[in-house]
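Chemist: Handing you this structure, nothing more for now.
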Amino acid sequence: MSGYTCKTCGQYHEGLPLSYGSPAPAFVYSLTEKEQRNRVWLSSDQCEVRGEKFFDEKHYFIVGNIHIPIIDSTEIFNWSVWVSLSKENYKRASKLWNKTGREKEPPYFGWLSTSLSAVYPETLNLKTNVHTQPVGIRPFIELEPTDHPLAIEQRNGITMSRVQEIAELVLHPK
Ligand SMILES: [Zn+2]
Numbered sequence: 003m004s005g006y007t008c009k010t011c012g013q014y015h016e017g018l019p020l021s022y023g024s025p026a027p028a029f030v031y032s033l034t035e036k037e038q039r040n041r042v043w044l045s046s047d048q049c050e051v052r053g054e055k056f057f058d059e060k061h062y063f064i065v066g067n068i069h070i071p072i073i074d075s076t077e078i079f080n081w082s083v084w085v086s087l088s089k090e091n092y093k094r095a096s097k098l099w100n101k102t103g104r105e106k107e108p109p110y111f112g113w114l115s116t117s118l119s120a121v122y123p124e125t126l127n128l129k130t131n132v133h134t135q136p137v138g139i140r141p142f143i144e145l146e147p148t149d150h151p152l153a154i155e156q157r158n159g160i161t162m163s164r165v166q167e168i169a170e171l172v173l174h175p176k
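To convert, count from 1 in the sequence shown and add 2; that's this note's numbering.
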């Protein structure tokens, strides 16, 4: 699909994205620029945030993929999201980052740390299981099977017209 006519603005938008991401966990955006400079370490896949005081526990985040099957297509829709891990699991994931066979890890518990509120009711702090994938592939994020719309969509899949609706909501937030 090369584009779509938008129901929100009536214009034709080039391309229909099947994947969205966020450069940093929501928590980082709640900090001032100065705090971000002093307390945040960020890469494309990992983030560590120091506490306000030097003895505070750090916060640890990694990026994973929420895959949603597209029912009327062979393609898969994807939300790349941040989840927060316990210090122990984050250190473990870091240690295994380039280790062959790391996908044998049991799932880690993670709190969803990306807000998808343009599209869903608040998604922050939804409970997830983080499934380690082979080296080079981001972990697969499995939402707790609640009746939150995002969890329902992950279980049941979505249609191409929902993919278009998501594009409209992301492009023109209310
Ligand atoms: Zn539009």
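Beta carbons are placed, not taken as given, at the ideal position from N, Cα and C, and that holds for glycine.
(1) When every heavy atom of ligand 1 is checked, does at least one fall within less than 7 Å of the C-beta of L173?
(2) Checking the sheet assignment: what are the DSSP bridge partners for T7?
(3) Checking 8 Å against the spacing of the C-beta atoms, do G66 and V132 come in under that value?
(4) Is the beta carbon of I70 closer than 8 Å to that of V83?
(5) Classify L145 as helix, strand or coil using the three-state DSSP reduction.
(6) Consider the C-beta atom of G16 and the heavy atoms of ligand 1; say whether any pair is separated by less than 7 Å.
(7) For Q156, report the span of its alpha helix (DSSP H) as first-last.
(8) Which residue marks the beginning of the beta strand (DSSP E) containing N67, and which one marks its end?
(9) List in chain order the residues whose CB is within less than 5 Å of at least one heavy atom of ligand 1.
(10) Pick from S163, I143, Q166, I168: whose alpha carbon is nearest that of Q156?
(11) State buried or exposed for P147, treating a residue as buried only when at least 16 other CB atoms are found within 10 Å of its CB.
(12) Below 8 Å, can you find three or more Cβ-Cβ pairs linking the region 83–96 to the region 113–128?
(13) How long is the line joining the alpha carbons of A26 and V51, rounded to whole angstroms?
(14) Run the CB neighbour count on V172, radius 10 Å, all protein chains shown included, and call it buried at 16 or more, exposed below.
(15) Could you pull the start and end residues of the beta strand (DSSP E) that Q48 belongs to?
(16) Closer than 7 Å by C-beta to E170: which residues in its own chain qualify, once you throw out the five before and the five after it? Chain order, please.
Modeler: From the atom records:
(1) Against the sequence shown, residue 173 aligns to sequence position 171. At least one heavy atom of ligand 1 is nearer than 7 Å to the Cβ of L173, so yes.
(2) Along the sequence shown, one-based indexing puts residue 7 at 5. The partner list for T7 (beta bridge, DSSP) reads Y14.
(3) Looking up residue 66 in the sequence shown gives position 64. Looking up residue 132 in the sequence shown gives position 130. Going by C-beta atoms, G66 is nearer than 8 Å to V132.
(4) Stepping through the sequence shown from its first residue, residue 83 is reached at position 81. Stepping through the sequence shown from its first residue, residue 70 is reached at position 68. In this structure, I70 does not lie closer than 8 Å to V83 by Cβ.
(5) Within the sequence shown, residue 145 is the residue found at index 143, counting from 1. Note: L145 maps to strand in three-state DSSP.
(6) Stepping through the sequence shown from its first residue, residue 16 is reached at position 14. Rather than Gly, the amino acid found at residue 16 in this sequence is Glu. Taking 7 Å as the cut-off, one finds no heavy atom of ligand 1 near enough to the beta carbon of E16.
(7) Within the sequence shown, the letter at position 154 stands for residue 156. Counted as a single uninterrupted DSSP element, the alpha helix (DSSP H) harbouring Q156 occupies residues 151–158.
(8) Numbered from its first residue, the sequence shown carries residue 67 at position 65. Counting along the chain, the beta strand (DSSP E) containing N67 begins and ends at 61–71.
(9) That gives C8, T10, C11.
(10) The residue given as residue 156 occupies position 154 in the sequence shown. Among S163, I143, Q166, I168, the Cα nearest to that of Q156 belongs to I143.
(11) Taking the first residue of the sequence shown as position 1, residue 147 is located at position 145. So P147 counts as exposed.
(12) Taking one beta carbon from each stretch, the region 83–96 and the region 113–128 have 3 or more pairs nearer than 8 Å; the two touch.
(13) Translated into the one-based positions of the sequence shown, residue 26 becomes position 24. Translated into the one-based positions of the sequence shown, residue 51 becomes position 49. Answer to the nearest angstrom: the Cα atoms are 11 Å apart.
(14) The residue labelled residue 172 in the question sits at position 170 within the sequence shown. Exposed, because fewer than 16 other Cβ atoms sit within 10 Å of the Cβ of V172.
(15) In the sequence shown, residue 48 corresponds to position 46, counting from 1. First-last of the beta strand (DSSP E) with Q48: 48–51.
(16) For this step, residue 170 is matched to residue 168 along the sequence shown. Cβ within range, chain order: C8, K9, T10.
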